[in-house]
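See below for the structure under consideration.
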Amino acid sequence: MFGFVSTCSRCGQENPDGARFCNACGAALTAPRGPGEERRLVSVLFVDLVGFTSRSEKLDPEDVRAFLVPYYERVRSELENHGGKVEKFVGDAVMGVFGAPVTYGDDAERAVRAAFAVRDWAEHEGLQLRVAVNTGEAIVALDASPERGETFVAGDVVNTASRLQSASPIGAVLVGEETYVGTRGSIEYRPAQPVLAKGKEAPVQAWLAVRATAAIGERPATPVAMIGRDRELGVLTGIWERVVDEGRSHFVSVFGPAGIGKSRIALELAQLVAAQDARAIRGRSTPYGASSPYSAFGQQVKQTARIFDSDEPAEATEKLAAAIASLAGPAAAEEHAPNLATLLGFGGDREPADREQLFFSARVFVEALAMRGPTLLVYEDIHWADGSLLDLLETFGARVRDVPVLFLALARPELLGERPGWGGGLPAYTALPLEPLGEAAGHELATELLGRVDTTMQAEKVVETAEGNPLFIEELTRCIGEQQAEGLDELPTSIRAIIAARLDALPAAERAVLVDASAVGRVFWRGALSEIEDRADLSEALGSLEARDLIQREAVSRIRGDQQFAFKHGLIHDVAYATLPRAARRTKHGAVAQYLEATTDVGQSHEALAHHWREAGESDRAVEHLVAAADQAGRGWAKQRAVTLYREALELLGEDDPRRRDVMRRLAVALQAVYHLGDVGYAGGSVSGKSAGDTSPATS
Ligand SMILES: Nc1ncnc2c1ncn2[C@@H]1O[C@H](COP(=O)(O)OP(=O)(O)OP(=O)(O)O)[C@@H](O)[C@H]1O
Ligand SMILES: [Mg+2]
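Residue numbers (the numbering used here): 35 to 734.
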């Protein structure tokens with residue numbers, strides 16, 4: 035096909051037809067991502083130059099261009115450095131999008147930080163800007179190419195962002211509610227005047243972004259004690275004690291998805307280490323904005339040598355040499371300080387002969403440090419690390435031996451996608467996966483957090499929704515506290531964004547299978563997936579998704595001769611389903627309904643069929659099955675259920691539909707039975723608290 039491009043699912047780069055690896059990031063390219071459209075949470079940024087139109091009237095067109103081109107370029111590069119994309123330039127306004135085509139889970143924060151960067155630059159250049167960021171759901175055309183002027187994001191979120199931008203004070207960054215809610219942990223805000231927007235009844239709530247209060251990728255600490263990780267902390271302290279007692283090194287990788295508690299358990303260990311007067315030094319990799327590929331290690335060296343980022347290179351080099359001299363003597367300083375300076379990015383133009391030399395100097399530094407006393411070196415978020423840092427860490431693990439140092443690397447499971455062999459072959463290595471908190475621990479955490487907010491909401495609901503993820507428990511209780519709400523009807527955007535990022539990190543083929551499966555339900559069958567789309571690589575994708583712990587093959591299948599799977603997490607199911615636009619939902623549900631009709635005894639699956647036909651937009655068929663399901667429920671004396679199902683059927687029937695009367699009559703009969711059942715339960719006290727409708731009556 036002429037002009038066909040495949041978009042990299044990892045970085046969003048467009049690659050020519052036939053390319054097997056991404057030109058920008060080198061990731062393997064798989065088949066283009068199924069449907070052309072998706073619903074996504076995005077953050078939209080608008081920047082506009084103030085007074086530009088009136089000024090440009092007086093300028094020669096060439097001068098206008100000479101001025102605009104560098105401005106566009108600067109805005110584009112700031113957006114892209116923060117993981118965003120320019121959607122379009124309109125005169126002097128720029129619209130940027132974060133969260134599409136790929137989300138990183140913290141898109142709103144990136145957008146606000148990019149807005150700060152653009153604003154600060156403009157201030158420096160003496161330009162006046164208005165900037166705004168707004169977050170919300172949009173429909174995204176995944177195969178559109180903004181470079182060619184094709185629009186790729188549409189929705190109210192865009193219009194509102196534009197309105198906010200016009201209302202933004204000069205030199206300020208104004209944001210909408212979802213952006214504010216999603217980023218206030220790391221950005222400081224001041225309330226702003228609500229913005230009146232055309233076509234909107236209520237004014238749009240707005241906040242002024244003041245400054246960032248946390249480092250990039252960092253999560254502010256919470257005051258709750260760590261709960262339910264005794265065993266895992268026991269493993270880590272056990273290893274630490276061995277390192278100290280035997281004077282030998284060890285390498286540990288802690289694995290787990292976002293928010294599961296990797297940083298937290300590392301912090302607990304670091305506190306324990308510090309309490310023993312031993313050294314604990316942390317370095318972290320960030321998703322963007324790193325100063326050098328070895329930045330995480332660099333931070334540790336800088337902390338040791340008391341070098342600040344604001345130091346001039348000469349001063350930094352001097353401090354570095356002094357630190358090495360005090361650790362390992364002047365000769366070592368002379369040999370290794372220049373190499374370390376290069377590694378850290380302030381070594382000037384000097385280029386060592388090979389990487390081995392650099393790594394050797396780094397190793398000497400670590401060994402000298404540990405010879406002074408037991409040392410814990412923490413590497414946070416190495417799934418974001420550059421390959422060179424990972425190589426350096428593996429070198430440490432393999433070569434640093436007879437000194438008491440514990441290397442503790444924290445990673446999301448994505449790391450293993452890029453480095454399947456991570457840690458393999460290291461002489462003293464432990465991989466520690468962090469599983470979701472158990473029921474009791476989750477409950478304890480939720481109760482503890484809910485105790486701090488004023489609500490009658492039960493901890494059970496939070497625990498059930500959060501599925502043992504401490505961060506999700508925190509986010510849910512925070513939302514409850516703020517909205518004073520009793521229910522959790524909608525998933526907070528912060529959680530949705532984090533899970534969406536996990537989906538986006540999947541190879542395109544696997545992600546597509548997962549999205550299809552979400553239309554089938556939390557439980558799904560291989561055959562239903564084939565009915566939705568005939569795929570050659572289906573078995574492979576299912577196997578891989580299972581290996582990633584996203585789905586699970588179930589031992590027993592409800593459909594004979596077909597493999598049954600289930601989503602391991604309801605949240606992943608929900609977020610995958612939320613990406614489907616309405617049209618795609620309809621076709622997929624239609625296919626599932628057809629599959630169920632062909633494979634099941636229809637009597638067994640009226641409710642499922644009703645659900646899928648309804649979502650497929652086939653109301654007539656849905657009504658048929660709803661009524662059949664209701665009749666069936668009624669016969670089993672599940673009268674309440676029957677009532678619900680008849681009501682659902684009525685909702686689908688038009689006011690003048692001839693079938694209405696019949697359904698009404700059945701509903702009336704069922705309702706009468708419900709009242710009657712209620713009487714029995716009340717009078718005789720014999721109906722258990724479970725559900726009167728599910729209990730066969732003792733007398734009738
Ligand atoms: N066992 C626990 N008890 C109480 N709070 C916890 C526990 N584990 C984690 N938390 C809290 O949950 C939040 C998320 O944890 P943390 O930041 O450690 O996650 P993470 O695994 O490092 O995630 P990421 O991959 O995004 O870095 C933090 O506020 C943390 O304090
Ligand atoms: Mg962390």
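For glycine and all other residues, C-beta sits at the position ideal for the given N, C-alpha and C.
- Per DSSP, P237 has no beta bridge partner at all.
- When rounded, the separation of the alpha-carbon atoms in E565 and V547 is 12 Å.
- Its chain contains S283, A404, T409 as the residues whose beta carbon lies nearer than 6 Å to that of V439, once the 5 sequence neighbours on both sides are disregarded; these appear in chain order.
- For the stretch 374–451, the full-length alpha helix (DSSP H) segments reaching 4 residues or more read 389–405, 421–433 along the chain.
- In this structure, A226 lies away from R197, with their beta-carbon atoms at least 9 Å apart.
- Per DSSP, the continuous alpha helix (DSSP H) segment holding G332 begins and ends at 329–339.
- For D140, the distance from the CB to the nearest heavy atom of ligand 2 is not below 8 Å.
- Relative to ligand 1, P386 has its C-beta separated by 8 Å or more from all heavy atoms.
- Nearest to V400 by C-alpha distance, out of D97, T429, T464, I532, is T429.
- Two segments are said to touch when three or more pairs of C-beta atoms, one from each, lie closer than 8 Å; by this definition the stretch 280–296 touches the stretch 459–475.
- A distance filter of 7 Å between CB atoms and the heavy atoms of ligand 2 selects the following residues in sequence order: R253, K296, S297, E414, D415, L444.
- Measuring C-alpha to C-alpha distances from L563 to each of A551, D635, D571 identifies A551 as the nearest.
- By the C-beta criterion, the stretch 450–462 is judged not to be in contact with the stretch 298–306, since fewer than 3 inter-stretch pairs fall below 8 Å.
- Within the DSSP secondary-structure output, N168 pairs in a beta bridge with V78.
- Rounded to the nearest whole angstrom, the CA to CA distance from E498 to L484 is 14 Å.
- For the pair of segments examined, the stretch 521–541 was found not to touch the stretch 624–639: the number of CB pairs separated by less than 8 Å stays below three.
- The DSSP-derived three-state label of F150 is helix.
- In summary, F601 is buried, with 16 or more beta-carbon neighbours lying within 10 Å of its beta-carbon over all protein chains present.
- Collapsing the DSSP output to three states places R594 in coil.
- Counting only unbroken stretches of 3 or more residues, the beta strand (DSSP E) elements lying wholly within the stretch 497–564 are 557–559, in sequence order.
- Taking the CA atoms as reference points, T511 sits about 28 Å from A195.
- Not one heavy atom of ligand 1 falls within 8 Å of the beta-carbon of L176.
- Contact annotation: L242 and V187 have beta-carbon atoms that are not nearer than 9 Å.
- Residues of the same chain with a CB within less than 6 Å of the CB of K122, apart from the 5 flanking positions on each side, are M129 in chain order.
- Closer than 8 Å to some heavy atom of ligand 1: that does not describe the Cβ of P526.
- In the three-state reduction of the DSSP assignment, T256 falls in the coil class.
- Checking the DSSP bridge columns, you'll see P225 partnered with W241.
- When secondary structure is reduced to three states using DSSP, A292 falls in the coil class, being assigned neither helix nor strand.
- Closest by C-alpha distance to A357, out of A348, A339, R263, is A339.
- Under the DSSP assignment, L466 falls in the beta strand (DSSP E) whose first and last residues are 463–467.
- Looking from the CA of V84, the closest CA among D177, Q199, K119, V167 belongs to Q199.
- In chain order, A475, E478, L479 place their CB closer than 6 Å to the CB of I261, counting only its own chain and leaving out the 5 sequence neighbours on each side.
- By a beta-carbon distance limit of 8 Å, T613 contacts R73. Their separation comes to about 6 Å.
- Relative to ligand 1, even the nearest heavy atom lies 8 Å or more away from the CB of R512.
- Looking at the backbone, the Cα of D665 and that of A581 are separated by about 42 Å.
- Closest option to A149, judged by alpha-carbon separation, among Q334, V165, T137, A134: V165.
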